[in-house]
Amino acid sequence: MNAVGIDVSKGKSNVAVIQPFGVVIAEPFDVLHTELDLKELIAFIKSLPGETKVVMEYTGTYYEPIANTLHNAGIFASVVNPLLIDDYDTNRVRKVKTDKIDALKIASFALDKWLKLREYTPASTIRKTLKVLNRQYIKLNKMLVMQKNNFIALLDCCFPCANKLFASPRRESDRHEKWVDFVLKFPHVDSVAKLSLSAFQSKFQSWCRKNHYKYSESKAVEIHSYGRSQISTLPMTESVKTIIVESAKLLISTLEALAKMRSEMEVLASQLPEYETVSGSYLFACQPVKCIISVLYCAVKLLDCC
């Protein structure tokens, strides 16, 4: 029995090999995540007599190059949760942590859990891509919330409550929000109030046509009346207009990026075998737009963990 413990880090790993009763076959040594070093590591592992199992920790995506290479070479590799390794053999007065010690600790863990180790299987390209897209989608959505809050705070200084002028939901095709597009055209309350009603109606109608929104004459009258009743704390200078316009563009860019990512996730998810089952669920039928990404991702993640 040869237990290979690999402490993975970015671009390189520290490898140690032990046998039962603490016999150290190979003192910890570094292996770069390059084609040459990984080939040498595979040759070394295959040269070991007897059965060999390799164990490493989940470390972001850093473990994938070495785990995939070992799997493709026909070597048993297991990737375990770092918490399991961290809790293993903790009966020490002083906690010591170095790459070499960690590699030996992982190898010892491999010996103790020899029969329970689960062999690593690389995720399919679709599932892996879907996971990456989902993580980025979540992060971008958090950025969207911050950008929107900041943008509304800016508008309160020059166009108070402009975000409440329209009750329309996000447009599904590109995720645009009508009030954001509106402020891009009318960035200051004076850009509405200083126009006559007929002039504003003409501009508003032209804007609706250009941006594919339904024009309403009563809504134009309402907005014009509202604009003349508001007081801004910042004048309509070129600098103020630039701040508002650029903030609106940034927000729109984030909305469009989210729309593209969601569309791509739906395309990828539709290629998975569980897609039909998930898409036929009651939750999906009630709120398909909100549920498709989260439900499909959960299904993918659960299947990968089985």
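Residues -8 to 297 (this note's numbering) make up the sequence shown, in order. Ideal placement from N, C-alpha and C gives every residue a C-beta, glycine not left out. For clarity, every value in this text was computed on a predicted model and none was experimentally measured.
Check: Member of A58, A101, A68, K155 whose CA lies at the smallest distance from the CA of Y79; Outcome: A101
Check: Residues that DSSP places opposite N(-7) in a beta bridge; Outcome: T43
Check: Outcome for N141 when other beta-carbon atoms lying within 10 angstroms are tallied against a minimum of 16; Outcome: exposed
Check: Assumed close pair A58, V71 - CB separation to whole angstroms, cut-off 8 angstroms; Outcome: So it is not a contact: roughly 11 angstroms between Cβ atoms.
Check: Delimiting residues of the beta strand (DSSP E) encompassing D21; Outcome: 14 to 23
Check: Rounded distance between the beta-carbons of I76 and I92, thought under 8 angstroms; Outcome: I92 to I76, Cβ: 12 angstroms. No contact.
Check: N141 - DSSP class collapsed to helix/strand/coil; Outcome: helix
Check: Element boundaries [beta strand (DSSP E), containing I9]; Outcome: 3 to 10
Check: C-alpha distance - D181 paired with K130, whole-angstrom precision; Outcome: 36 angstroms
Check: Contact belief for S238 with C148 at Cβ below 8 angstroms, rounded distance in angstroms; Outcome: Wrong, their Cβ atoms sit about 12 angstroms apart, outside the cutoff.
Check: Between the CA atoms of Q138 and S244 - distance to the nearest angstrom; Outcome: 11 angstroms
Check: Three-pair Cβ contact test at 8 angstroms for the segment 48 to 55 versus the segment -7 to 6; Outcome: yes
Check: Contact check, L249 vs N132, beta carbons under 8 angstroms; Outcome: yes
Check: Top-ranked residue by Cα proximity to L225, from L145, R219, F35; Outcome: L145
Check: Endpoints, alpha helix (DSSP H) assigned at S216; Outcome: 208 to 220
Check: Contacts around Q196, its chain only, beta-carbon distance under 6 angstroms, and the 5 residues preceding and following it disregarded; Outcome: Y206
Check: Unbroken alpha helix (DSSP H) run spanning V71, endpoints; Outcome: Looking at the DSSP string, V71 is not in any alpha helix (DSSP H); the run it does join, the beta strand (DSSP E), is 68 to 71.
Check: Cβ neighbour criterion (16 or more within 10 Å) applied to C152; Outcome: exposed
Check: A158 versus E168: straight-line alpha-carbon distance, rounded; Outcome: 10 angstroms
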